[in-house]
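According to the UniProt record's numbering, the stretch in the sequence shown is residues 1 to 336, in order.
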Amino acid sequence: MKVIFLNDNISKLKMVFDINKVLDTIGCNLNDICFTKNDVLKRKREFDDVEVIFSTWYMPQFTQNEIVDIFPNLKAVFYAAGTVKYFAEPFLENGIKIFQSGQANGIAVAEFTVAQILLANKGYFQAQRIYKSPLYRYNYNKAHSIIKIKPGNYEATVGIIGVGAIGSYVVELLRPYNLRVLISDPAISKEEANEWGTVVVSLEEIFENSDVISNHLPDIPSTKNLLNYKLFNSMKKGATFINTGRGSTVVEKDLVKALKRDATKCALLDVTGHEPIWPWSPLLYMRNIFLSPHMAGSTGKEEKRLGEYALETYRQYIKGFDCHGEVTKDILYKMT
């Protein structure tokens with residue numbers, strides 16, 4: 001079975017994959033195994049017998065015709081990262097299987113989210129910003145006034161919107177803490193929620209009752225601009241909204257309007273509608289909105305976990321076992 005690595009950023013490819021380990025697994029020793037799209041377009045006929053592609057972020061896009069022309073015998077793509085929405089459809093239309101490492105990437109996102117939840121319940125983000133402002137003694141006391149509004153992490157209420165791979169892992173990671181967890185997801189039954197020690201409620205109830213709300217909704221037509229002013233305005237005094245899901249689910253002007261009305265509320269946004277954020281966006285200038293540059297997913301050494309996950313999936317695939325992380329057309333539509 002001929003295997004290649006295909007990516008438009010070879011250095012990123014080598015950060016994610018232990019190339020030699022993959023070569024040992026597939027039982028070959030090749031020097032020329034990593035290619036960009038330009039490489040394959042220039043050397044088309046060299047890839048007729050390729051059956052498996054490994055890739056990660058910066059996987060190039062191909063049309064259906066290009067795939068048939070360049071990779072006529074391709075059987076599967078193992079993608080060591082999260083969403084495959086931007087490139088997957090032409091491969092699936094040609095009957096090629098796609099396996100992604102979204103579950104492994106979701107570990108990093110969930111850990112990041114839980115860290116933010118715990119700090120938000122302590123009032124860390126607002127207190128830290130206030131304390132670093134001028135007028136030291138006054139702001140020390142003002143920072144403490146924010147902390148007093150926050151519930152801490154004993155019997156606080158956390159709301160999870162969207163309980164897919166990431167949202168469900170957030171729920172699991174929150175189990176050791178004495179927190180009340182509410183979830184909103186039409187796919188989850190009350191019985192399933194009870195097994196997790198959570199309670200299924202409506203979206204409105206999540207916003208009205210939670211001390212921290214964490215959004216994990218996918219980017220699909222039904223979720224676009226779903227989170228609006230009515231919901232943000234209904235947040236409790238001192239509540240925090242966290243978004244590590246997708247920016248398209250939030251009406252950002254509504255979030256700004258609601259948080260302007262109550263400075264005790266805050267938002268932690270790792271994703272926004274446009275990335276990078278527009279320089280004139282009011283999100284940049286709101287003192288109770290905290291931005292991070294889409295960093296919740298795997299970074300640094302965490303990226304190696306994605307390559308290991310893809311390699312393990314490949315091992316299962318060649319043995320003929322059912323593989324985790326397979327993306328079907330239906331799953332593709334629902335992906336974040």
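Note that CB positions come from ideal geometry on N, CA and C, so glycine has one too.
Close Cβ partners of residue i (< 7 Å) along its chain, the five nearest in sequence each way excluded
i	result
ALA88	ILE98, VAL327, LEU332
ILE188	VAL163, VAL200
TRP196	VAL171
LEU13	PHE5, ASN7, CYS34, THR56
Per DSSP, the bridge partner or partners of residue i
i	result
THR240	VAL212, CYS266
GLY159	LEU182, ILE213
PHE99	PHE78, GLU326
LYS2	VAL50
LEU227	VAL250
VAL199	LEU182
Buried versus exposed call for residue i [16 or more other C-beta atoms within 10 Å across all chains shown]
i	result
ALA115	exposed
ILE161	buried
PRO186	exposed
GLN64	exposed
GLY325	buried
PHE290	buried
LEU284	exposed
MET59	buried
ALA263	exposed
PHE112	buried
GLN61	exposed
TYR86	exposed
GLU303	buried
THR56	buried
LYS236	buried
ASN178	exposed
ILE318	exposed
ASN194	exposed
GLU252	buried
ASP211	buried
PHE47	buried
TYR309	buried
Cut-off 8 Å between Cβ atoms - residues of its own chain near residue i, not counting five sequence neighbours on either side
i	result
ILE67	LEU74, PRO90, PHE91, ASN94, ILE96
GLY106	GLY82, ALA165, ILE166, TYR169
SER133	ASN139
THR299	ALA108
Closer than 7 Å: residue i CB and nearest the ligand COA heavy atom
i	result
GLU303	Ligands in the displayed structure: none, and consequently the ligand COA is not present.
Residue span of the beta strand (DSSP E) that contains residue i, given as start and end
i	result
ILE289	289-291
The alpha helix (DSSP H) enclosing residue i, as first and last residue numbers
i	result
LEU284	That residue, LEU284, is in no alpha helix (DSSP H); it is neither H nor E in DSSP.
PRO218	Unbroken run through PRO218: none, as it is neither H nor E.
TRP196	190-196
PRO90	88-93
ALA310	302-318
ARG129	124-131
GLY297	Run containing GLY297: none; DSSP gives neither H nor E here.
SER234	First-last for SER234: undefined, no H or E at that position.
VAL68	64-70
GLY164	GLY164 -> no alpha helix (DSSP H), and no H or E assigned at all.
Cutoff 8 Å: residue i Cβ touching any chain D Cβ
i	result
GLY162	The chain inventory of the structure shown lacks chain D, comprising one protein chain alone.
Neighbourhood of residue i by C-beta, 6 Å cutoff - its chain only, sequence neighbours within 5 removed
i	result
ILE146	GLY123, GLN126, ALA127
ASN215	ILE161, ASN243, GLY245
THR36	ASP8
THR249	LEU217, THR223, LEU226, LEU227
Scan the region 12-55 and note each continuous beta strand (DSSP E) run of 3 residues or more that stays entirely inside, going in chain order.
The region 12-55 contains these whole beta strand (DSSP E) runs: 50-55.
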